[in-house]
Every structure is written in structure tokens, then in C-alpha cells.
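So in our numbering the end of the sequence shown lands on 599, straight run, no missing numbers. Think of the CB as a built atom: it goes at the ideal place given N, C-alpha and C, for glycine as much as any other residue. Computed from a predicted structure; not experimentally measured.
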Amino acid sequence: MGWQPLPRPEQQRAFSYRLEKNEDYNQISGVQPYYFYQDREISERIYEYFDQGRALFPDDPASHLAAKAKRLTKFTKQQVDKAWNRLQEWNSCSIVSEIRQKMEKRMKIEYVQNPILSWDNTDVKKDDAYWDEKLKNVLANSYTRPSNYKY
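Pasting the structure below:
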């Protein structure tokens, strides 16, 4: 977890616990598993409780950019090459050229000279001084607390 300047990740706060090398989280005193059953009815109640998800996933520039990205079929060669490389690394395999070409054709991927998406048309500030100040404010309001008290 790290500091995120965009509204949604900043609002979705979390706690973390730093494990020492070879430390087993399940063996830490005070940690207990909590098993629960999730079904559609419960999910819908949670969804409604949080303003149909808007309280959990507020509108922000990244969500707009992501929505556009889902519909994209035009990419630069560098973007497509990078995606294929990451897929091969992730799956620890290599994909032969013929399969790659067939998949790109089936997905209707077109190559363009310049990237279609960019942060330029969003309201995200690009001023380093602004973000440095925002980070200082976030860090000033961040703290750690013990999750388990040992006597």
C-alpha cells in the first residue's frame, strides 16, 4: 500500500501489518480468521448501503480514463509489445508470433502512431509543488497504531 493522490484510493483507507522475514501471519498472537458467507442479497445490501457503490468508488479522473481504456482497440506498437511481454512474464511462457497475430486480429487491435489516452485532458494537477504539499498533508495525518497488545 502506498500514498495515492487520486480521490478514490485516498478515501479507501486500509491498515497494514509489517511481517518480519519468515513470520507467519496465522501464528501471530491475537490474529483470528473470520469466515463469512457472501451471497447476492448481502452484496446488494452493501451496494445500496454505500450509495450504490458511489461512496466506495467515488468519481475521479482515473475512473473516467479506465472506462475509456476498456473500450480501446487502437494502441501504439510499444503499448501492445509491452502488454504481450507482461503477459508472457506473468504466465512464464512465450507466445509465438502466429498466435499473437490471430489474437490481435480477433480482438480487432489496430496500431496507431500516438497513444489515444492521456492524462492531458483530465483535471489531474501536474504541478509537482502541489503534489509535494498534498503528500506532506497526508503524511501529517498518518499514524501507526498497535494491532495487538502484549502484556
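Annotation: K516 to N562 spans about 16 angstroms, alpha carbon to alpha carbon.
Going by DSSP, I547 is part of the alpha helix (DSSP H) stretching over S545 to R554. In chain order, W579 place their CB closer than 8 angstroms to the CB of K573, counting only its own chain and leaving out the 5 sequence neighbours on each side. Taken in chain order, the whole alpha helix (DSSP H) runs of length 4 or more contained in the stretch 500-579 are 509-519, 525-539 and 545-554.
Sequence-distant Cβ neighbours of Q527 in its own chain, meaning closer than 8 angstroms and more than five residues away, are P563.
Take the alpha-carbon of N539 and the one of W532: they are about 11 angstroms apart. Inclusion of F523 and I557 in the CB contact set at 8 angstroms is warranted, their separation being smaller than that value. In this structure L513 is in contact with T570, their Cβ atoms being roughly 7 angstroms apart against a cut-off of 8 angstroms. If you look at R493, you'll find it in the alpha helix (DSSP H) that goes R488 to Y497. For E471, the secondary structure class from DSSP, reduced to helix, strand or coil, is coil.
I494 has its alpha-carbon roughly 8 angstroms from the corresponding atom of Q500.
Between the alpha carbons of R519 and N585 lies a gap of roughly 36 angstroms. The C-alpha of K525 is placed about 7 angstroms away from the C-alpha of V560. Residue nearest to R554 within the set S542, I543 and T521 is T521 (criterion: CA-CA distance).
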